[in-house]
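Trainee: Here my numbering is used: the first residue of the sequence shown is 7, the next is one more, and so on.
Ideal Cβ positions, reconstructed from N, Cα and C, are used throughout, including at glycine.
Keep in mind the model is a prediction, meaning the values are calculated, not measured.
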Amino acid sequence: MSIEPIGFIVLLLGVLSMLNGARFAITALCLSTLFGAAAALQLPALGGSSIQPSHLLVLFLVMTALLRPVQTQAMLASIAYPGPGFWFACYILFSVVSSFFLPRIFAGATLVYSSARDATGMMSTVAAPLAPGSSNLSQSVYLLGDLACFAVVAGFARLGYARFIARQLIVASIVCFAFAIIDIATFQAGQSHLLDIIRNANYTMHTAETIHGFKRIVGPFPEASSYGAVALAYFAFTLMLWLERVQGRLAGLATLLIGPTIVLCTSTTAYVAGAFIVCMFLLFCLKRLIGGPATTPHMTFLAITLFFIPCAVIALSLIPDAWDSIAGLLTTTVSDKLQSQSGEERTAWNTLALIAFVDTATFGAGLGTVRASSFIAALLSNVGLTGTLLFVAFVYSLVRASGRYTFGDRETHAIGHAAVMASIAQIGSAAISGSGTDLGLLFSTSAGLAAGCLAGPYVPNRRPLEASASFIRAPMGSAR
7 MSIEPIGFIV
17 LLLGVLSMLN
27 GARFAITALC
37 LSTLFGAAAA
47 LQLPALGGSS
57 IQPSHLLVLF
67 LVMTALLRPV
77 QTQAMLASIA
87 YPGPGFWFAC
97 YILFSVVSSF
107 FLPRIFAGAT
117 LVYSSARDAT
127 GMMSTVAAPL
137 APGSSNLSQS
147 VYLLGDLACF
157 AVVAGFARLG
167 YARFIARQLI
177 VASIVCFAFA
187 IIDIATFQAG
197 QSHLLDIIRN
207 ANYTMHTAET
217 IHGFKRIVGP
227 FPEASSYGAV
237 ALAYFAFTLM
247 LWLERVQGRL
257 AGLATLLIGP
267 TIVLCTSTTA
277 YVAGAFIVCM
287 FLLFCLKRLI
297 GGPATTPHMT
307 FLAITLFFIP
317 CAVIALSLIP
327 DAWDSIAGLL
337 TTTVSDKLQS
347 QSGEERTAWN
357 TLALIAFVDT
367 ATFGAGLGTV
377 RASSFIAALL
387 SNVGLTGTLL
397 FVAFVYSLVR
407 ASGRYTFGDR
417 ETHAIGHAAV
427 MASIAQIGSA
437 AISGSGTDLG
447 LLFSTSAGLA
457 AGCLAGPYVP
467 NRRPLEASAS
477 FIRAPMGSAR
């Protein structure tokens with residue numbers, strides 16, 4: 007194991023989180039999720055795996071909560087039955103168990119594209135017989151980190167930190183926009199190497215690609231699709247807050263900044279998933295318009311999407327050069343994507359992944375065994391029908407909690423609803439191009455925030471003596 011220069015900074019932030027408490031830890035975590043191409047630690051013994059700053063910080067986040075009994079109680083309560091956290095914990099624990107048993111039970115039963123990396127950090131491009139690998143362990147560690155992050159964030163939200171977490175996610179979205187500008191500026195100036203300090207992970211980097219004259223925005227991530235998925239999640243979160251007039255000015259500014267980068271990042275994932283999310287917001291605003299109460303932001307969004315954007319498209323069609331560039335970009339990234347080499351490779355991954363699902367009698371090959379190009383195919387092929395149903399139960403429980411919320415104030419509900427939309431945006435992006443079952447720590451943060459906001463405030467357990475005394479003093483039959 008080797009510690010990268012950025013790793014020392016992360017370790018320092020982790021120690022400061024333990025000393026300064028929840029607010030500092032939350033701020034560090036939200037900002038660290040942006041460094042998707044960075045490595046704090048390198049692990050050559052595990053096939054050249056890289057530990058990202060956010061995953062290292064999760065360890066300190068958990069320790070921060072464990073040092074404070076009330077936060078520990080809230081963290082554990084966030085994964086209790088029957089809340090969304092219970093189903094998320096079941097899904098992850100089942101996945102971890104599957105990573106040990108299923109690759110050995112079904113060894114050699116089918117051909118798969120492995121998720122394991124070699125010593126150079128590259129994944130195999132040749133299908134091989136199903137077998138255990140280093141990715142079974144690494145993916146298990148990542149998913150356990152996701153569960154820990156979810157539990158801690160949900161616990162913090164129930165203890166009254168929801169508004170603070172929401173603000174830090176808004177700030178992170180603005181920082182995400184800033185990285186996009188820096189990425190474009192350094193590329194145009196021929197100084198892209200200045201960002202190498204945050205692009206040191208053992209991944210294949212696609213940081214200097216262009217399509218029809220457009221720079222593919224990657225920011226602090228290894229490729230445009232990763233940036234687009236994260237930016238779309240932030241866009242969904244901040245847009246919902248702006249529509250609900252929660253931290254409206256800052257959320258509106260963040261939405262205004264991050265939105266154009268999604269359009270300019272040239273990511274097929276962002277375009278397709280973005281269209282789905284915009285349709286969801288349209289239906290939400292139309293529902294408010296019909297059933298009420300509709301506010302100025304709802305009307306503004308409807309006007310922009312149904313009137314101003316179509317007018318802008320018509321205006322661009324009158325400028326041949328601009329229209330040809332945009333039409334060429336959309337043709338390359340959307341309509342011709344499946345015919346490209348990348349599209350053919352991804353289709354082959356999904357095909358073998360679904361074959362593996364059938365060849366393993368729907369049990370799956372085990373977490374981290376099969377590489378796919380869709381979160382849905384990855385779920386079915388890795389954790390089988392049981393793991394997939396557990397994840398569906400988690401998502402259903404989260405969405406259902408948003409629709410049946412009866413606790414707290416309007417602002418807390420709005421934050422929870424915004425976090426649900428951000429989570430759905432990430433699932434939508436992963437369903438298009440996700441290679442594995444790990445949705446990442448940003449998903450765990452947004453889902454944990456949603457679960458915490460929608461579960462109501464957490465009341466710490468009283469001491470037995472105090473509880474007994476209160477019970478004695480209480481009148482018989484009184485409501486507690």
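From the DSSP secondary-structure annotation, give me the bridge partner or partners of A457.
Mentor: Per DSSP, none; premise fails for A457.
Trainee: How would you write the range of the beta strand (DSSP E) that L49 sits in, first residue to last?
Mentor: Segment 47-49, the beta strand (DSSP E) holding L49.
Trainee: What residue range is occupied by the uninterrupted alpha helix (DSSP H) comprising I361?
Mentor: 347-365 is the span of the alpha helix (DSSP H), which, as asked, contains I361.
Trainee: Okay, do the region 33-42 and the region 74-84 touch, 3+ Cβ pairs below 8 Å being the bar?
Mentor: They do not touch, by the three-pair rule.
Trainee: Mapping DSSP to helix, strand and coil, what is S105?
Mentor: Correct three-state label for S105: helix.
Trainee: With three or more beta-carbon pairs closer than 8 Å as the criterion, would you say the region 150-161 touches the region 429-438?
Mentor: No, because fewer than three Cβ pairs between the region 150-161 and the region 429-438 fall closer than 8 Å, the two stretches do not touch.
Trainee: Start and end of the beta strand (DSSP E) containing I379?
Mentor: According to the sequence provided, residue 379 is Ser. The question's Ile does not apply to it. From DSSP, S379 is part of no beta strand (DSSP E); its letter is neither H nor E.
Trainee: Express the C-alpha separation of T216 and T375 in angstroms, rounding to a whole number.
Mentor: Those two C-alpha atoms are separated by around 33 Å.
Trainee: Excluding five sequence neighbours on each side, which residues of the same chain lie with their C-beta closer than 6 Å to the C-beta of G13?
Mentor: Same-chain partners within the cutoff: A46, L47.
Trainee: Going straight from the alpha carbon of G219 to that of S331, what length do you get?
Mentor: Near 8 Å, if we compare the C-alpha coordinates of S331 and G219.
Trainee: Is the separation between the beta-carbon of A239 and that of L65 shorter than 8 Å?
Mentor: Contact flag unset, no.
Trainee: For A134, list the residues DSSP reports as bridge partners.
Mentor: Answer by DSSP bridge pairing, in chain order: V118.
Trainee: Among residues of its own chain, excluding the 5 on either side of P466, which ones have a beta-carbon nearer than 7 Å to its beta-carbon?
Mentor: Excluding residues within five positions, the ones whose Cβ falls inside 7 Å are V76, Q79.
Trainee: Hey, is the region 100-116 in contact with the region 187-203, meaning 3+ C-beta pairs nearer than 8 Å?
Mentor: No, the region 100-116 does not touch the region 187-203.
Trainee: In whole angstroms, what separates the C-alpha of E1 from that of A207?
Mentor: Outside the displayed range of the chain (7 to 486) lies residue 1, so it cannot be described from this structure.
Trainee: Which two residues bound the contiguous beta strand (DSSP E) that contains I57?
Mentor: 55-57 is the extent of the beta strand (DSSP E) around I57.
Trainee: Taking the straight line between their C-alpha atoms, what separation do you get for G422 and A407?
Mentor: Rounded to the nearest angstrom, the two C-alpha atoms are 9 Å apart.
Trainee: Who are the near neighbours of T275 in its chain, counting only those whose CB is closer than 7 Å to its CB and skipping five residues on each side?
Mentor: These residues qualify, in order along the chain: S231, G234, A235, S435, I438, S439.
Trainee: So A163 packs on I171, CB below 8 Å; how close in whole Å?
Mentor: Confirmed, about 6 Å.
Trainee: Among Q58, T70, I9, L49, whose alpha-carbon lies nearest the alpha-carbon of G20?
Mentor: Out of Q58, T70, I9, L49, T70 has the C-alpha closest to the C-alpha of G20.
Trainee: Under a three-way DSSP split, which group does T70 fall into?
Mentor: Correct three-state label for T70: helix.
Trainee: Evaluate T244 with the Cβ neighbour count: other Cβ atoms within 10 Å of its Cβ, from every protein chain shown; 16 or more gives buried, anything less gives exposed.
Mentor: Buried, by the Cβ-count rule.
Trainee: Beta carbon of A160, beta carbon of G91: below 8 Å?
Mentor: A contact, by the Cβ cut-off of 8 Å.
Trainee: Quickly, what does DSSP pair S8 with across the bridge? List them, please.
Mentor: In the DSSP output, where bridge partners are listed per residue, S8 has Q48.
Trainee: Taking DSSP as the reference, what is the three-state secondary structure of I296?
Mentor: I296: helix per DSSP, three-state reduction.
Trainee: Given this structure, state the Cα-to-Cα distance separating S38 from S346, to the nearest angstrom.
Mentor: Rounded to the nearest angstrom, the two C-alpha atoms are 33 Å apart.
Trainee: Quick one: Cα of L263 to Cα of G280, how far?
Mentor: Straight-line Cα distance between these residues: approximately 15 Å.
Trainee: Which residue's Cα is closest to the Cα of I15: L324, W93, I203?
Mentor: I15 has its Cα closest to that of I203, out of L324, W93, I203.
Trainee: Please classify F227: does DSSP put it in a helix, a strand, or coil?
Mentor: Looking at F227 - three-state DSSP - the assignment turns out to be coil, as it is neither helix nor strand.
Trainee: Using 8 Å as the Cβ pair cut-off and three pairs as the minimum, do the region 302-311 and the region 249-264 touch?
Mentor: They touch, by the three-pair rule.
Trainee: Tell me the residue span of the alpha helix (DSSP H) that contains I85.
Mentor: Run containing I85: none; DSSP gives neither H nor E here.
Trainee: At which residues does the alpha helix (DSSP H) containing G422 begin and terminate?
Mentor: From DSSP, the alpha helix (DSSP H) with G422 extends over 416-439.
Trainee: DSSP state of I217, grouped into three classes?
Mentor: In this structure, I217 counts as strand in the three-state DSSP scheme.
Trainee: Cα separation between G254 and L404?
Mentor: Roughly 24 Å between the two C-alpha positions.
Trainee: Comparing C-alpha positions only, which one of A257, L108, L396, F369 sits nearest to P88?
Mentor: Comparing Cα positions, the closest option is L396.
Trainee: What does the alpha-carbon distance come out to for the pair V357 and Y167?
Mentor: Just to set this straight, residue 357 is Thr in the shown sequence, not Val. Looking at the two C-alpha atoms, the distance is approximately 44 Å.
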